[in-house]
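Down below is the structure, laid out as structure tokens.
If you want it as structure tokens, here you go:
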């Protein structure tokens with residue numbers, strides 16, 4: 004059975020289908036594998052934003068680039084918030100144009116992020132990656148029709164009740180930049196939900212196929 008790692012910054016040989024997230028050196032997506040590329044709010048440069056966006060547009064149309072992101076809003080980082088909003092807006096529009104899903108980075112800005120997605124009339128699947136917030140925020144995201152991706156946060160006891168309430172057809176799993184292997188995340192997910200590994204594997208495969216198309220599971 005295929006195990007899918009929806010979001011990682013580390014290329015590891017773990018027999019999983021992994022989507023490697025990149026915020027620079029977009030030319031590296033010419034290498035074999037699956038990628039998402041985005042202008043991450045931590046690394047935005049207002050002076051080079053237009054040029055960086057043109058590079059993103061150039062490489063994001065490649066068939067092995069499955070999504071735009073991670074992109075979004077972050078109130079904790081030092082990047083000017085208006086610059087973040089501008090870059091996020093550009094990427095939402097581009098994702099709509101090329102019909103590829105969005106991988107969202109969001110820190111203490113869920114209201115603003117959801118508002119922008121709504122105002123920009125996003126037409127593609129949206130995944131909030133690395134979700135580690137409470138059930139109220141989870142419900143806001145789910146109500147908008149989006150997905151939640153969980154990783155190392157599942158190892159925290161306080162996240163178990165949140166994960167238990169999220170419908171299985173809206174869940175994805177990831178490792179992000181942690182030292183965890185995707186197998187550990189899958190095992191924890193099955194344990195928390197008290198369901199078989201086969202059910203988790205089948206559901207994540209179905210969800211990923213719905214978001215990215217069949218390419219990632221072939």
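Numbering (the numbering used here), first residue to last: 4 to 221.
Note that beta-carbon positions come from the ideal geometry of N, C-alpha and C, so glycine has one too.
Computed from a predicted model, the values in this text were never measured in an experiment.
Rounded to the nearest angstrom, what separates residue 131 and residue 13 at their Cα positions? Answer to the nearest angstrom: the Cα atoms are 19 Å apart.
Rounded to whole angstroms, what's the CA-CA distance from residue 58 to residue 76? Just pull it up for me. Computed Cα separation, rounded: 21 Å.
Supposed close pair residue 110, residue 79 - CB separation, criterion 8 Å: About 5 Å separates the two Cβ atoms, so the contact holds.
With distances taken Cα to Cα, identify the nearest neighbour of residue 42 among 9, 21, 65 and 95. Across the set 9, 21, 65 and 95, the C-alpha of 95 shows the shortest separation from the C-alpha of residue 42.
Grab me the residues of residue 174's own chain with a C-beta within less than 6 Å of its C-beta, minus the 5 sequence neighbours each way, in chain order. Same-chain partners within the cutoff: there are none.
Any idea what DSSP makes of residue 162, helix, strand or coil? It is helical.
Alpha carbons only, please: which of 104, 36 and 90 is nearest the one belonging to residue 216? Sorting 104, 36 and 90 by C-alpha distance to the C-alpha of residue 216 places 104 at the top.
Is the CB-CB distance between residue 177 and residue 152 below 8 Å? Yes, these two residues count as a Cβ contact at 8 Å.
Between 5, 20 and 44, which lies nearest to residue 11 when the distance is taken from Cα to Cα? Checking every option, the nearest Cα to that of residue 11 belongs to 20.
Starting from residue 99, follow the alpha helix (DSSP H) in both directions and report where the run begins and ends. It spans 84-101 - the alpha helix (DSSP H) in which residue 99 sits, taken as one unbroken run.
For residue 215, the three-state DSSP class (helix, strand or coil): Helix.
Assuming the contact rule is C-beta atoms closer than 8 Å, residue 29 and residue 62 should be a hit. Round their C-beta distance to whole Å, please. That belief holds up - the Cβ atoms of residue 29 and residue 62 are roughly 4 Å apart, short of 8 Å.
In terms of residues, what are the limits of the beta strand (DSSP E) holding residue 8? Taken as a continuous stretch (DSSP letters only), the beta strand (DSSP E) holding residue 8 covers 7-11.
Residue range of the unbroken alpha helix (DSSP H) whose run includes residue 156: Looking at the DSSP string, residue 156 is not in any alpha helix (DSSP H), and its letter there is neither H nor E.
Using DSSP bridges, identify the partner residues of residue 74. BP columns for residue 74 point to 107.
Ranges of the beta strand (DSSP E) found wholly within the segment 118-197, counting only runs of at least 3: For the segment 118-197, whole beta strand (DSSP E) runs of length 3 or above, ordered along the chain, are 129-131, 150-153 and 174-176.
Own chain, CB closer than 6 Å to residue 139, minus 5 neighbours either side, in chain order: Within the same chain, residue 139 has no close Cβ partners at all.
Classify residue 222: buried if its beta carbon has 16 or more other beta carbons within 10 angstroms, exposed otherwise. Only positions 4 to 221 of the chain appear in this structure, which leaves residue 222 out of reach.
From the DSSP output, read off the bridge partner residues of residue 22. Residue 22 has 37 as its beta-bridge partners, per DSSP.
Between residue 165 and residue 190, is the Cβ-Cβ spacing less than 8 Å? Contact flag unset, no.
In the DSSP assignment, what are the bridge partners of residue 68? As a beta-bridge residue in DSSP terms, residue 68 pairs with 38.
Could you tell me how far apart the beta carbons of residue 9 and residue 208 are, in whole angstroms, since I believe they sit closer than 8 Å? Not really, about 11 Å apart at Cβ, beyond 8 Å.
Could you compute how far the alpha carbon of residue 196 sits from the alpha carbon of residue 181? In this structure, the alpha-carbon of residue 196 lies about 22 Å from that of residue 181.
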